[in-house]
Structures are given as C-alpha cells and as structure tokens.
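One structure is given here, and the rest of the page talks about it.
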C-alpha cells in the first residue's frame with residue numbers, strides 16, 4: 005500500500021515526467037549520506053558512515069584525476085551496493101556523462117549493450133575481466149564493438165600480472181588499476197596517460213608509506229600505506245547503531261602493504277597480514293605475486309599448523325584442470341625453499357563474493373573437504 009509500482013512494458017511512459025537528474029543538494033548535505041558495509045573478507049562486515057560532502061569531494065577529485073567528460077558513456081560491470089559500483093554512479097551523476105546499466109553477470113549481453121551504446125569507460129573487478137577475456141577469445145567477433153572504450157578501470161581486488169598482460173594483448177589497451185577503500189573512497193588511480201601501478205594519488209589526497217619500525221619508507225621501499233584525504237569516513241557503526249567517530253584530520257592507517265616509486269606512483273602488494281612459518285615471516289599476497297609468474301592467477305591461504313606455524317595452500321585457477329603436481333613444478337623456481345606450498349589445489353575459477361573479490365573463506369572450506377586435484381605432503 006502506498007508504493008508506486010512501475011511495470012516493465014510501461015516503464016518509459018511512467019518515468020517520462022521525472023527530471024533527468026534529480027537535485028542532490030539535500031543528500032550531499034547529510035552527515036550520514038552513505039552507510040557502506042565492508043566485504044568482510046578479513047573479518048565481520050563493518051558499517052562505514054560517510055558524509056555527503058566527503059563523498060562529493062572524492063567523486064569530483066576522481067573526475068579531475070581521470071579526465072572524465074560529459075561525452076563519456078559509462079558501463080560499470082559491478083554491483084551498486086558497494087563502494088566501487090556506487091562511486092561510478094556518483095561519477096555519472098556529477099560529470100554529466102551517460103550511464104548504461106548492464107546485466108554484468110550475463111557478460112555476453114553486457115558486451116552487446118556496451119557496443120550498441122558506444123561505451124567509452126568500463127569498470128569491473130579482476131574476476132569479471134578474466135571472464136571478459138575468455139569471452140573475447142571464444143567469440144572474436146565481439147572484439148571490434150569494444151574499440152571505442154578508452155578507459156578500462158579495474159578495482160575491488162588485486163590485479164594479477166598475467167591478466168594485465170593478456171588483456172592488453174587481446175584488447176589493445178591497458179587495464180587501469182586503482183586503489184581505494186570504503187573508508188576513504190578513491191585514493192590513487194592509473195590513467196590512460198600514465199598506466200603505471202595504481203597511479204598517483206588523486207589531487208588533494210596525500211599518501212605515504214610507513215616502513216617496519218615506524219620510519220617513513222624511501223621510494224621503492226615497501227611498508228604500510230597511510231592516507232590523508234578529505235574523503236575519509238565519519239566513523240564506524242557500533243552494534244547498537246551508534247557512530248564511533250574517527251579523527252578526520254589524522255593519517256588513516258589502511259592495513260595495506262605497498263610502495264611509492266620514484267615518480268610517485270603507488271604500487272599495492274596486499275593486506276598487512278603476516279604469517280609465520282618455520283621461523284620465517286611471510287606475506288601471502290607477496291607469495292601470490294611471485295607464484296603468478298607461472299602464468300595463472302594464484303591465491304594463497306595460510307592455515308595454522310602446530311608444527312610449522314602455518315601451512316601454505318596455493319590455489320591455481322586453471323579452466324583446463326591441469327595436474328597440481330605440474331603447477332607445483334612451474335611455481336617452484338619462483339619461490340624460495342621456505343616459501344614452497346604445503347599443498348596445491350587446482351580449481352576451474354575462483355569463487356567470488358558479491359563485491360567481486362575472491363572469496364577466501366570459500367577456498368578455506370575447500371581445504372577441509374579436499375578435491376581430486378590437491379597434492380599434499382610437501383614442506
């Protein structure tokens with residue numbers, strides 16, 4: 005009762021009297037304009053409260069940094085309930101560009117719509133680009149319809165090197181990586197003119213890297229990424245729905261590892277989650293980057309082990325279901341002796357959560373159930 009229902013056949017007529025772009029002034033003035041929920045990949049999801057002013061500021065800096073213009077046609081292949089997808093909606097809203105909403109989980113239809121509407125900018129998670137690359141390889145006829153895309157944005161999860169190289173070879177343009185968090189919005193973005201790492205920080209956003217021991221890292225030296233940005237959240241929601249505020253004038257410790265190169269480009273290596281194994285301190289994300297020299301996307305799941313400290317389970321995404329022993333041999337030269345996997349598991353593709361990130365909890369469950377491709381007993 006009291007709810008207006010729009011039927012699909014009459015949708016165009018029903019929406020005709022509505023203005024094309026509603027006035028967002030009241031929404032941008034709210035201190036609680038957005039409540040986002042973290043993906044929960046590293047723990048329980050948290051409610052993140054952001055003011056409309058912070059959201060607008062970050063969106064405008066993104067438009068300026070990337071060079072979006074009113075003539076662009078955007079096609080986000082993303083869910084809109086999370087930071088990345090929502091940011092593209094707001095970008096469309098403020099840039100005056102055109103938005104094409106596609107069924108991103110039906111990639112063949114999404115690509116056909118993108119071609120029909122002359123899309124110039126696409127945003128998606130790495131898992132979607134893996135699928136898109138497979139579609140282009142199976143159906144080369146769809147490739148020319150994507151020639152007008154000048155921005156291929158990627159985010160939501162780390163971009164692996166094999167995907168980046170294969171995509172550029174197949175589509176002729178680079179995937180433009182970016183770095184952002186729900187708590188901060190966009191932080192750094194690679195651009196068509198500078199497709200290096202995650203690019204430089206957005207205008208007015210400052211990034212520094214803190215080396216182990218607390219000192220500031222030198223260019224090229226890895227450490228924890230810290231950010232000072234007007235786009236910082238107001239705070240987190242408590243279990244009772246109250247706001248726990250943060251100091252918006254302080255540097256925000258992201259918990260992510262990365263480095264700044266000599267030209268100020270940010271390179272992100274992963275979460276600041278060290279594991280200890282046989283007396284060595286290891287970072288799973290760093291192991292993944294090394295192992296991916298084998299030519300496939302790799303995820304590392306560390307499981308507590310009373311004897312070793314942690315056992316390392318390497319997952320390889322291989323649609324052809326190659327033998328785990330073969331993949332172990334391919335990865336071995338790229339890893340030190342103390343970094344070698346305790347088990348290698350081969351899967352057709354990685355499970356992903358609704359935010360497009362690899363679902364590590366699902367991979368952890370596979371370790372418990374076992375599969376016919378698992379090889380155990382090394383290390």
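Residue numbers (our numbering): 5 to 383.
Note that CB positions come from ideal geometry on N, CA and C, so glycine has one too.
In this text the structure is predicted, and so the values were computed from the model without any measurement.
Of the residues 302, 78, 109 and 138, the one placed nearest residue 94, counting alpha carbons only: Cα-wise, what sits closest to residue 94 is 78.
task: Enumerate in chain order the residues of its own chain whose CB-to-CB distance from residue 278 is below 8 Å, with the five nearest sequence positions on each side excluded.
output: 285, 286 and 287.
message: Do residue 87 and residue 186 have their beta-carbon atoms positioned less than 9 Å apart in this structure?
response: Residue 87 sits close to residue 186, with the two beta carbons spaced by under 9 Å.
query: Can you give, in chain order, each stretch of the alpha helix (DSSP H) that sits fully within the stretch 287-359 and has at least 4 residues?
result: Those alpha helix (DSSP H) runs which fall completely within the stretch 287-359 and span 4+ residues are 288-295 and 328-335.
message: If you measure between the beta carbons of residue 247 and residue 239, is that distance less than 9 Å?
response: Yes, the Cβ-Cβ distance between residue 247 and residue 239 is below 9 Å.
- request: Tell me whether residue 198 sits in a helix, a strand or coil according to DSSP, three-state version.
  value: Three-state result, residue 198: strand.
query: Would you call residue 328 buried or exposed, if buried means 16 or more other Cβ atoms sit within 10 Å of its Cβ?
result: With 16 or more other CB atoms across the displayed protein chains lying within 10 angstroms of its CB, residue 328 is buried.
query: Which partner residues does residue 156 have in the DSSP bridge list?
result: Looking at the DSSP output, residue 156 shares a beta bridge with 126.
- prompt: Count the other CB atoms within 10 Å of the CB of residue 100; is the residue buried (16 or more) or exposed (fewer)?
  reply: Counting the other Cβ atoms within 10 Å of the Cβ of residue 100 gives fewer than 16, which makes it exposed.
query: Where does residue 86 fall in DSSP's three states?
result: The DSSP-derived three-state label of residue 86 is coil.
- request: Thinking residue 231 and residue 188 are a contact (beta carbons under 8 Å), I'd like their distance in whole angstroms, please.
  value: Correct: roughly 6 Å between the Cβ atoms.
- request: State yes or no: is the C-beta of residue 181 within less than 9 Å of the C-beta of residue 170?
  value: For residue 181 and residue 170, no; Cβs fall outside 9 Å.
For residue 144 and residue 167, believed in contact at Cβ under 8 Å, the rounded distance: That belief does not hold up - the Cβ atoms of residue 167 and residue 144 are roughly 19 Å apart, past 8 Å.
field: Pairwise C-alpha distance: residue 91 and residue 39
entry: Here the C-alpha atom of residue 39 lies approximately 13 Å from the C-alpha atom of residue 91.
- prompt: For residue 134, which of helix, strand or coil comes out of DSSP?
  reply: Helix.
- request: Go ahead and pull the three-state DSSP assignment for residue 236.
  value: In this structure, residue 236 counts as coil in the three-state DSSP scheme.
message: So the candidates are 226, 258, 149 and 177; which of them puts its Cα closest to the Cα of residue 190?
response: Cα-wise, what sits closest to residue 190 is 258.
task: Taking residue 138 as the reference, give the member of 123, 120, 122 and 115 with the closest Cα.
output: The closest CA to that of residue 138, considering only 123, 120, 122 and 115, is found on 115.
query: For residue 343, which of 264, 64, 318 and 331 has the nearest alpha-carbon?
result: Answer by Cα proximity: 318.
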